[in-house]
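Here the structure is laid out as C-alpha cells; the discussion comes afterwards.
Residue numbers (the working numbering): -11 to 469.
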C-alpha cells in the first residue's frame, strides 16, 4: 500500500499542510493550522506533527478517521527543530541553542542538552534508539556546527521512570533527571560553511553542505572520508535508502540528484558517476529547481524529490530512477511571489486504514470539535485498540512551563470522568475532581484553628512566589541591559 505524502509551503493560506496521493498527484486532505516551520513536518504513530513558524506551539493531527483531530501543544518558546522517538513516548525539542527532552503523555521535562551550539539549531537525527547499546542524538546549527550526544545515562533514567507510577514520575521529573545537564560526546566546529544537512547511517554520520559530503564516526567524531567535494553550490538535502543497503541520495542545485554508496563496516565509500537530472522539462532557474527536500518510504517503493519551486517528482529508487509522477504542491488559486514562496517541508506517512487504494480521492477538512466529550472518548477507544498509537494530550502540564507562563487547562466532562482508567486518573485527574457533597460537609466542620494554619501557609507560599517573580524580573532586566 503506497504511503501518503505530506507537504508544507510558505504560501499564505489557511492550511498548514496538504496530504497528497503521491502516485496520483492529487490532494487527499488539507490540515488547517498555522504556517509550519521549515523542515519541521514529521510523522508519528497515527498522525502528523509540525512546529509553527511564528508561535510557540507544536501542531498535531491524528488520522484515526476521515475527520482529523487538530491539537496544539504549547512550548516554552519558538521551536527550532523537533522529533519523536520511534516508540512515540518522548519528544526531543530544540529551542534556539538548547535541546529539551519531554515525555509526550504528561509533558514532564526529562533532560536538557546544552552548552555546545553557538547558533540556532536547524536539524536533529536520532540513531540506535531500539538497539542494545546507547542511543545517539546528532544536531546541527545554521553556522555549520555539528554535535553528537550519547543518551545512554539519560535513557536509563527514562526507563526507570517508565516503570513507576504517576506520583513517582512527578517527583523524579522535578528532581535529578529534569535538572541534569548533558554535555555532548563530541562536536565539530564547522562541518559546513553554509546551512548543513545531516543523516545517520549505521555507525557513521554523514553531513552535506558547501564542502560536499563529510563522513564522521558516530562514536568519536573522527573524519572517515569525504565525497562529492566538487559539486557546484554544495549539497542541499540527503536521503538514505530505507533498506540500509548503503545508498545515499544527495540533492543539489539545478535539479541534480547524486547517488553515493557508503559501506561503513568495510570503510568503503564511492560515488555513482551517473547523475540524474530532475525537473528537466520545467522552465525554472537552477536555484528554484534546487532539490531541498527528499523522502523515501519504508518499503523502498518510491523516492520523493522536492524542489524549492514547489515541484515534486516521484521516482522509483532503482538504478534508472524512473519518474512515476510529477506535480506542483502550490495552490494555483493563490498568486505567489516565486522569490519568496517555496517548499518548506515534506514527509511520507503510512496510509490509514480508512483511506485504502480502492477508495477515491477525497478532500478532508481537519477542523473537528476536539473539545467534545464524544470525540475524546472515541479517540481513547481507538488508542486502546492500537497499542502503537501515541495520542499527545497533556491535560495538566505543558512543555517547559515557567512561573510567568500562561498555563491553559481543559476540564474533562462527566463522560470522561466516568470512563477514565485508574492509571490515567492518577496522572491527569488529581486536580480536576469536583468536591462531592460529603467532602463539602467535612470541609465545613473543620476547626477555626486549622483554617488559620491553612491561611498562613497560603500567605507564606504567595509571598514566596512574589519574591521569586521579583527576582526573575530583576534578573531579566539586568541581563537585557
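Where is the CB? At the ideal position from N, CA and C, for every residue including glycine. Just so we're clear, the structure is a prediction, and the values are computed from it rather than from any experiment.
Query	Result
Start and end residues, beta strand (DSSP E) containing residue 58	57 to 62
Nearest to residue 15 (by Cα), restricted to the options 464, 211, 137, 300	300
Distance between beta carbons of residue 92 and residue 76, contact taken as under 8 angstroms	7 angstroms
Minimum length 4: unbroken alpha helix (DSSP H) runs contained in the stretch 225 to 284	none
For residue 67 and residue 37, believed in contact at Cβ under 8 angstroms, the rounded distance	Contact doesn't hold; Cβ gap of about 11 angstroms is too wide.
C-alpha distance - residue 43 paired with residue 24, whole-angstrom precision	10 angstroms
Supposed close pair residue 187, residue 198 - CB separation, criterion 8 angstroms	Rounded, the Cβ-Cβ distance is 17 angstroms, inconsistent with contact.
Close beta carbons around residue 267, own chain, < 6 angstroms, minus the five adjacent residues each side	243, 277, 295, 299
Straight-line gap, residue 264 to residue 305 (C-alpha atoms, nearest Å)	12 angstroms
Range of the contiguous beta strand (DSSP E) that encloses residue 26	Segment: none, residue 26 is in no beta strand (DSSP E) and carries neither H nor E.
DSSP three-state assignment for residue 316, whether helix, strand or coil	strand
Cβ shell of residue 322 (< 8 angstroms), same chain only, five flanking positions each side left out	-1, 0, 1
7 angstroms Cβ shell around residue 286 - same chain, five flanking residues per side excluded	230
Nearest neighbour of residue 17, chosen from 284, 35, 202, 27 [CA to CA]	35
Beta-bridge pairing of residue 91 - partner residues as DSSP gives them	78
Local conformation of residue 463 per DSSP, three classes	helix
Distance between residue 109 and residue 234 (C-alpha atoms, nearest Å)	27 angstroms
Buried versus exposed, by CB contacts within 10 Å (16 or more), residue 462	exposed
Where residue 50 falls, given that 16 or more other Cβ within 10 Å makes a residue buried	buried
C-alpha gap between residue 58 and residue 212, whole angstroms	44 angstroms
Which residues DSSP lists as bridging residue 47, in chain order	38, 60
Burial state of residue 202 (16 or more Cβ within 10 Å)	buried
C-alpha gap between residue 100 and residue 436, whole angstroms	46 angstroms
Residue 444 Cβ short of 8 angstroms to the ligand NAP heavy atom set	The ligand content of the structure shown is nil, which means the ligand NAP is not present either.
Three-state class that DSSP yields for residue 0 in the structure shown	coil
Secondary structure of residue 446, DSSP reduced to three states	helix
Residue 189 versus residue 339 - alpha carbon distance	26 angstroms
Integer-rounded CB distance, given that residue 82 should sit under 8 angstroms from residue 72	Not confirmed; about 13 angstroms, so no contact.
Inter-residue spacing [alpha-carbon to alpha-carbon] between residue 116 and residue 139	10 angstroms
Cβ neighbour criterion (16 or more within 10 Å) applied to residue 10	buried
Backbone CA spacing between residue 271 and residue 170 [nearest angstrom]	49 angstroms
Whole-angstrom C-beta distance between residue 236 and residue 245, which should lie under 8 angstroms	Wrong, their Cβ atoms sit about 11 angstroms apart, outside the cutoff.
Limits of the beta strand (DSSP E) - the one that residue 194 falls within	192 to 197
As assigned by DSSP and simplified to three states, the class of residue 86	strand
Proximal residues to residue 313 (C-beta, below 6 angstroms), its chain only, five neighbours per side dropped	11, 13, 302
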